[in-house]
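Residue numbering for the sequence shown follows this note's numbering, starting at 6 and increasing by one per position. Below is one structure, written out as structure tokens, with a few remarks after it.
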Amino acid sequence: MDFEGEATTTSATENKELPQPETTPKPLELLRDTEALLRRPAVESLTPILPPKLSSKLQTASSLADKSLKELAEIDLDEIGDFDLRPARIRVGLSFVGFAALMTLILLLHFSTLHLELRTIEQMRQYWYQYVWFVCLGVAGLFVLGRETMRPIRKPRRVRGKPQSGIQNSKFKIQNE
6 MDFEGEATTT SATENKELPQ PETTPKPLEL LRDTEALLRR PAVESLTPIL PPKLSSKLQT
66 ASSLADKSLK ELAEIDLDEI GDFDLRPARI RVGLSFVGFA ALMTLILLLH FSTLHLELRT
126 IEQMRQYWYQ YVWFVCLGVA GLFVLGRETM RPIRKPRRVR GKPQSGIQNS KFKIQNE
């Protein structure tokens with residue numbers, strides 16, 4: 006048995022390369038344009054059917070979204086360094102821990118007000134998955150905080166009075182607390 010395939014001749018068409026765009030849009034510009042393409046037709050179709058007061062508020066919100074997304078698109082993501090993101094990561098970790106603690110307290114309040122007949126072991130047996138979710142969320146927040154505390158602090162070097170990394174737009178600058 007011969008398993009070797011026979012050479013087949015196919016008429017090769019000319020491989021034409023598609024023209025590459027000269028510049029690719031930045032992700033934030035792409036977000037701005039996509040959001041605007043979705044929002045503007047929705048606003049135009051909703052404005053005539055809404056009450057005048059509500060339609061003016063909708064148009065104001067739409068123009069505010071245009072302005073804020075335009076400012077957001079001006080941010081160069083390559084200039085944001087690790088040092089600039091440190092406060093945001095700390096806030097995310099604290100939010101995880103705080104939300105987990107708050108939800109655990111709400112769960113305990115739920116037991117003490119609505120389920121007085123349940124003992125602690127019965128509460129754990131009946132609501133164990135809520136406990137697990139909230140504890141895992143808190144532990145994840147503690148891991149984020151622990152990672153940030155063990156990370157070495159390297160401030161960006163200044164060259165001729167300008168920081169090498171950082172957001173140039175002062176409205177969106179992350180403040181180091």
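Glycine included, each C-beta is placed from N, C-alpha and C at the ideal position.
Enclosing alpha helix (DSSP H) for residue i [first to last residue]
i    : result
H115 : D87 to L119
L62  : Sequence inspection shows Lys at residue 62; the Leu mentioned does not correspond to that position. K62 -> alpha helix (DSSP H) spans P57 to A78.
Q25  : Note, Q25: premise wrong, no alpha helix (DSSP H); not H, not E.
E127 : T125 to Q131
L82  : That residue, L82, is in no alpha helix (DSSP H); it is neither H nor E in DSSP.
T52  : Run containing T52: none; DSSP gives neither H nor E here.
CA nearest to the CA of residue i, picked from the options
i    : options                : result
R159 : F88, L33, L55 and P46  : F88
R156 : W133, P92 and S67      : P92
A105 : L142, G86 and S60      : L142
Y136 : P57, I80, L113 and T52 : L113
D71  : R44, L147 and W133     : R44
T109 : L119, Q128 and F139    : F139
V144 : E27, G103 and D38      : G103
P46  : T29, P57 and S67       : S67
E84  : S61, K31 and P24       : K31
W4   : Q25, F116 and R152     : The displayed coordinates of the chain run from 6 to 182. Any statement about residue 4 would go beyond what the structure contains.
Spatial neighbours of residue i in its chain, beta-carbon cut-off 7 Å, leaving aside the 5 residues before and after
i    : result
V149 : R94, V97, G98 and F101
K21  : none
Nearest-angstrom Cβ-Cβ length linking residue i and residue j, presumed shorter than 8 Å
i    : j    : result
V48  : L63  : 6 Å
L123 : Q131 : 7 Å
L77  : L33  : 6 Å
L74  : E40  : 6 Å
Chain-order list of residues whose beta-carbon lies under 6 Å from that of residue i (same chain, five-residue window excluded)
i   : result
L69 : none
P53 : none
Cβ neighbours of residue i in the same chain (closer than 8 Å, five flanking residues each side left out)
i    : result
Q180 : With a pLDDT of only 47 at Q180, under 50, the local geometry of the prediction cannot be trusted, and the value read off the model is given with reservation. Answer for Q180: P92, listed in chain order.
T65  : none
E153 : R91, R94, I95 and G98
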